[in-house]
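Participant:
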Amino acid sequence: MSEGAGRDAWSRASNLMALLANINRDPKKSKVFRPTDFNPYYAVKKDSVLVTRENIGILREAFNGIAK
82 MSEGAGRDAW SRASNLMALL ANINRDPKKS KVFRPTDFNP YYAVKKDSVL
132 VTRENIGILR EAFNGIAK
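Residue numbers for the sequence shown follow my numbering, beginning at 82 and rising by one.
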C-alpha cells in the first residue's frame, strides 16, 4: 500500500516538475520534458519481439509441452 502511495505522489510531483521545466526551458535549444523524465518509478519499456513464421519454431521449442 505504501508503494502505491509513493507512486501516486511521484506521479503528481513529476507532472509539476515537467511543467516547471517546460515553462523555463529555451524552446530553440532544448527538448520538451515529459513527466517520465522525473519519475523514479517509471520503468523503460523494453523492445518486444515480433513473432513471424521464421522465429515461431524457436518459441515452440522453448515452450514445448507447457500449454497442452
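Even glycine gets a Cβ: it sits at the ideal position worked out from N, Cα and C.
Mind checking residue 111: buried by the 16 CB within 10 Å criterion, or exposed?
Facilitator: Burial call: exposed.
Participant: Quick check on residue 95: buried or exposed, where buried means 16 or more other Cβ atoms within 10 Å of its Cβ?
Facilitator: Residue 95 should be labelled buried.
Participant: Should the segment 109-126 be regarded as contacting the segment 84-91, the criterion being three or more beta carbon pairs within less than 8 Å?
Facilitator: Cβ pair count under 8 Å is three or more, so yes.
Participant: Once the 5 residues before and after residue 87 are set aside, which same chain residues still bring their CB inside 8 Å of it?
Facilitator: Here the set comprises 122.
Participant: By the three-class DSSP mapping on this structure, what secondary structure does residue 124 have?
Facilitator: Residue 124 falls in the coil class under three-state DSSP.
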